[in-house]
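All letters in the sequence shown, in the order written, are residues 11 to 248 by our numbering. We put the CB at the ideal spot given by N, CA and C, even for glycine.
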Amino acid sequence: MTQRNEFEVHLELYEGPVALLLHLIEKNNLNIFDIPIAKITQEYLKYIDFIRSIEAEVAGEFLVMAATLMQIKARLLLPVVTAAGAQADPREELINRLLMAQRFGKAAQLLAERARLMEGFTLRPPPVFEDEEYTVVQTNWDLMEAFKKVLEEFEAAHGDALAIRTDPYPVEAKMEKIQRLLIEKSTLPLKEVWESEQARGGLIACFLAVLELIKRGFLRAVQKGPYGEIFLVKVLLS
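Here it is, written out as structure tokens:
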């Protein structure tokens, strides 16, 4: 398997384009009913470029959303007046999609938790978090945000040297590494997962390993407050 194939990831792992927009709106403290399209489009396109830079495959629906944002941006420059004389807001359909996704997202989280209970067990974090105000990271975009910062800092420090290493970095090996670390510690700061990595490929493999372990239900990501430091915790069955 080539390194390219090893890192090829479909964006459903990171959730869809509407989820990304909701993440960007929340991150920038924007009003969902009055979205600054120019700003959100710029942020969105930066994320698409970043995802491509880690050799992940950009799903078609993300490109469609990018085109939609560009179209809305253009239409805002040429306002359309309705038959009733009111100025049509080209953002209206997008806002409705975002609000609907927001509602469905909350409902899906509730149903998922109920499904786990019906299977005969509950998921709980280690006792160290019981008396602290930690919350489960709700979307993989929060993890992407943390990884994006780490990779940018790493590239700034190492420069072109990153491109020299071409060794394969199997995601499975990084998953085993993370699970070993969580045997030694009940909780693990996300930054410790990749602090020993010396190449860009290793960082990417670690990030994909975290996503896969969360997807399989082996661990959860938690944080104290919005955009606080992220920790990984083992999922305990009871």
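Looking only at DSSP bridge pairs, what is residue i linked to?
i	result
Ala231	Leu242
Pro199	Phe241
Val147	For Val147, which the question treats as bridged, DSSP gives no partner whatsoever.
Residue i and residue j: beta carbons closer than 8 Å?
i	j	result
Leu218	Val181	yes
Ile47	Leu79	yes
Leu161	Val220	no
Ile42	Arg101	no
Ile61	Ile214	no
Val203	Gly227	no
Could you work out which residue in the options is closest to residue i when comparing CA atoms only?
i	options	result
Ala29	Asn150, Leu200, Arg210	Asn150
Tyr57	Met75, Ala231, Gln208	Met75
Leu73	Leu55, Leu88, Pro89, Thr145	Leu55
Leu31	Gln112, Phe164, Ala69, Phe157	Gln112
Lys83	Gln52, Gly26, Val232	Gln52
Val146	Glu162, Arg107, Lys234, Leu192	Lys234
Glu36	Glu162, Leu109, Lys184	Leu109
Tyr144	Leu34, Asn39, Val243	Val243
Leu269	Phe164, Gln81, Gly70, Leu192	What the structure shows of the chain is the stretch from 11 to 248, and residue 269 is not part of that stretch, so it cannot be assessed.
Gly212	Glu25, Gly238, Ala231, Phe157	Phe157
Lys195	Phe241, Ala77, Glu103	Phe241
His168	Glu239, Glu202, Ser63, Glu207	Glu207
Gly238	Leu200, Ala77, Glu186, Phe114	Leu200
Ala209	Leu40, Glu155, Phe164	Phe164
Gln254	Ala69, Gly70, Glu103, Val68	What is shown of the chain runs 11 to 248, which leaves residue 254 out entirely.
Glu155	Lys49, Pro236, Ala69, Gly70	Pro236
Val68	Gly26, Ile105, Ala98	Gly26
Glu186	Cys216, Thr197, Glu205, Asn39	Cys216
Val232	Lys225, Leu198, Lys49	Leu198
Gln97	Arg85, Ala166, Phe114	Arg85
Ile257	Leu34, Asp59, Asn39	Given that the chain is displayed from residue 11 to residue 248, the structure contains no residue 257 and the question cannot be resolved.
According to DSSP, simplified to helix, strand and coil, what is residue i?
i	result
Asp44	coil
Pro27	helix
Ser63	helix
Arg107	helix
Arg226	coil
Ala215	helix
Val160	helix
Val68	coil
Pro236	coil
Ala1	Residue coverage of the chain in this structure runs from 11 to 248, which leaves residue 1 outside it and unanswerable.
I'd like to confirm something about residue i: is its beta-carbon nearer than 7 Å to some heavy atom of the ligand FMN, or not?
i	result
Gly227	Ligands in the displayed structure: none, and consequently the ligand FMN is not present.
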